[in-house]
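Q:
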Amino acid sequence: MNSDQEMKQWREAWQIEPPSSGPASAEIRNKAIRQEKSLRFKFILEMALAVTLLVGSAIYSSVKHNAEMLLWMVLVWLLTIAASAFSIWNWQALWRASAQSVAGYMLLYRARAEATLRAVKFGWALLVLQLFIVVPWLTYDRLQHRMPQIRYGFAMLLLALLTFVYVRMFLRQRRKALEEIQLVDGEVAHCEN
Amino acid sequence: MSQTEQDKKIELAKRYEALWQEFGPSLQRLAFSYEFLPQAREDLLQEILLALWIALPRFRGESSLRTFVFRIAHNRALTHVWRRKRTGIHEDPESLQLADKRAGPEGTAIHNATQERLLQAIRELPLSLKQVMTLALEETSHAEIAEILGISENNVAVRLNRARNLLREKLGGRQ
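The structure is reproduced here in structure tokens:
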């Protein structure tokens with residue numbers, strides 16, 4: 205084969221349409237980049253809420269100044285600190301991609317979805333624990349006639365409303381996280397086939 | 009934003025679109041010759057496209073559009089490779105774990121065996137030879153290659169000859 209023929213053959217092979225790396229790679233990377241701002245915002249909001257709860261409960265119990273309020277404050281502090289510690293642990297190293305590459309962002313996107321699933325599980329546990337503490341506590345107060353009927357009713361209604369909001373939020377977050385994991389896994393599978 | 013500025017932006021977007029239509033496949037092939045991993049290729053392609061978007065308003069037609077595009081693309085690819093070597097970006101174990109899955113022998117979605125062998129052999133060429141060979145495979149003339157890479161035509165001929173011999177050797181070894 206002469207060199208012109210050889211070059212022609214190479215050109216033909218070279219100019220075959222190159223395959224794509226998968227339809228969603230760039231999309232996932234862009235999503236992961238966009239997530240950064242909202243994650244920071246959510247984290248700041250969580251921490252602000254935690255500080256508000258800690259300070260608020262301390263002020264409230266110092267104003268009321270009785271054993272029950274002190275116990276209530278201790279519970280609020282324990283649960284808030286546990287939730288904040290979990291949040292810090294859960295999201296550590298997930299703020300930015302370790303490598304600024306599509307692969308790095310895809311891993312980060314999947315890891316964040318897994319962190320969301322962990323957060324949802326933790327949220328369920330915390331919600332159930334809070335309901336187990338608050339409902340008997342308020343009911344006991346009501347049975348002891350330390351709380352008026354109307355206030356008890358309002359507290360229960362508020363609790364039911366908050367539970368409904370949290371349950372919906374957890375279900376939505378879980379569904380979204382599972383979709384995100386599926387998107388990354390689908391993209392990996394696309395490249396494997 | 010004034011009407012003139014808006015018109016300019018629309019005009020630029022149109023030029024960019026036309027450029028992508030004309031050179032998109034060549035740029036994808038170029039990314040293939042530099043990067044084995046799919047995500048790394050995607051990154052390189054995005055970097056090249058961004059560089060072209062930034063540079064396009066400065067293009068005044070002193071050289072051909074083809075020369076302009078390939079010069080930017082090759083310069084960007086060189087920067088990309090140097091940066092990767094310096095930072096070891098794809099040596100991140102987590103990235104590698106995913107990359108391996110996606111680009112293993114069965115995973116690499118290259119449907120044509122001849123193209124796969126050729127791409128692999130081109131990737132293994134030294135940088136200076138790889139540049140000349142990929143441009144030659146895009147049917148770029150010696151004069152244009154010289155202009156793109158900033159070397160003499162004689163030098164292009166010498167490098168191309170070396171690249172051919174090396175490529176022949178590598179492909180021979182694979183068959």
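Chains as they are written, first to last, in our numbering: chain A, 205 to 397; chain B, 9 to 183. Cβ coordinates follow ideal geometry from the N, Cα and C atoms, glycine included.
#1: For P33 (chain B), I'd like the list of residues in its chain whose CB is within less than 7 Å of its CB, leaving aside the five on either flank, ordered along the chain.
#2: Between the stretch 211-218 of chain A and the stretch 236-249 of chain A, do at least 3 Cβ pairs fall closer than 8 Å?
#3: Using a Cβ-Cβ distance cut-off of 7 Å, determine whether T122 (chain B) contacts chain A.
#4: For H82 (chain B) and Q239 (chain A), I'd like the C-alpha separation in whole angstroms.
#5: Looking at chain B, is there any beta carbon in it that lies within less than 7 Å of the beta carbon of A317 (chain A)?
#6: Given a cut-off of 7 Å on the beta-carbon distance, is the pair V400 (chain A) and L257 (chain A) in contact?
#7: At the level of alpha carbons, what is the spacing between L73 (chain B) and F31 (chain B)?
#8: Three or more beta-carbon pairs under 8 Å between the stretch 364-382 of chain A and the stretch 319-326 of chain A, yes or no?
#9: Would a C-beta distance cut-off of 7 Å place A317 (chain A) and E384 (chain A) closer than the cut-off?
#10: 7 Å is my cut-off, CB to CB: does P113 (chain B) come that close to chain A?
#11: Taking E177 (chain B) as the reference, give the member of B:E132, B:G158, B:L143, B:E161 with the closest Cα.
#12: Do V164 (chain B) and I153 (chain B) have their beta-carbon atoms positioned less than 7 Å apart in this structure?
#13: Determine the direct distance from the alpha carbon of R37 (chain B) to that of D108 (chain B), and round the result to whole angstroms.
#14: For S71 (chain B), which of helix, strand or coil comes out of DSSP?
#15: From what residue to what residue does the alpha helix (DSSP H) around L137 (chain B) run?
#16: Of all the CB atoms in chain B, is at least one closer than 7 Å to the CB of I232 (chain A)?
#17: Got a sec: which bits of the stretch 20-38 of chain B sit with their beta carbon under 8 Å from any beta carbon on chain A, in order along the chain?
#18: Select from B:R125, B:E43, B:F78 the residue whose C-alpha is nearest the C-alpha of K93 (chain B).
#19: May I have the straight-line CA-CA distance separating Q54 (chain B) from V388 (chain A), to the nearest angstrom?
#20: Between the stretch 42-57 of chain B and chain A, which residues of the former have CB atoms less than 8 Å from a CB of the latter, in chain order?
#21: Please compile the residues from chain A whose C-beta is within a distance smaller than 8 Å of the C-beta of L126 (chain B).
#22: Is the beta carbon of A359 (chain A) less than 7 Å from the beta carbon of L342 (chain A)?
#23: With the cut-off set at 7 Å, would you say M351 (chain A) and I232 (chain A) are in Cβ contact?
#24: Three-state secondary structure (DSSP) at L174 (chain B)?
#25: Using a cut-off of 7 Å between C-beta atoms, extract the partners of L135 (chain B) located in chain A.
#26: Determine the direct distance from the alpha carbon of R84 (chain B) to that of T75 (chain B), and round the result to whole angstroms.
#27: Can you tell which of A:M273, A:A315, A:F290 has the C-alpha that lies nearest to the C-alpha of L298 (chain A)?
#28: Below 7 Å between beta carbons: does that hold for S41 (chain B) and I130 (chain B)?
#29: If we call anything under 7 Å between Cβ atoms a contact, is L20 (chain B) one with A39 (chain B)?
#30: What does R172 (chain B) touch in chain A if you count any residue whose Cβ is under 7 Å from its own?
#31: If contact means a Cβ-Cβ distance below 9 Å, which residues of the stretch 142-153 of chain B contact chain A?
#32: Hey, could you find the ends of the alpha helix (DSSP H) H150 (chain B) is sitting in?
A: Looking at the coordinates:
#1: none
#2: The stretch 211-218 of chain A and the stretch 236-249 of chain A do not touch, with fewer than 3 CB-CB distances between them shorter than 8 Å.
#3: So, interface residue.
#4: When rounded, the distance between both Cα atoms is 32 Å.
#5: no
#6: Because residue 400 (chain A) is not part of the residues shown, which for chain A are 205 to 397, the question remains open.
#7: 10 Å
#8: yes
#9: yes
#10: Model confidence at P113 (chain B) stands at a pLDDT of 37, short of 50, so the residue's coordinates are unreliable; what they give is reported in the following sentence. By this cut-off, P113 (chain B) is not an interface position.
#11: Closest by C-alpha distance to E177 (chain B), out of B:E132, B:G158, B:L143, B:E161, is B:E132.
#12: I153 (chain B) is a Cβ neighbour of V164 (chain B), given a cutoff of 7 Å.
#13: Here D108 (chain B) scores only 38 on pLDDT, less than 50, and its place in the model should not be relied on; the value that follows carries that caveat. Cα to Cα, the separation comes out at about 21 Å.
#14: coil
#15: Here the alpha helix (DSSP H) through L137 (chain B) covers 135-145.
#16: no
#17: P33, Q36, R37
#18: B:E43
#19: 19 Å
#20: L45, P46, Q47, A48, R49, E50, D51, Q54
#21: Listed along chain A are W214, A217, W218, each with a C-beta nearer than 8 Å to that of L126 (chain B).
#22: yes
#23: no
#24: helix
#25: Per Cβ cutoff of 7 Å: no residues; L135 (chain B) is ~18 Å from chain A at best.
#26: 14 Å
#27: A:A315
#28: yes
#29: no
#30: S207
#31: T142, A144, L145, E146, E147
#32: 150-157
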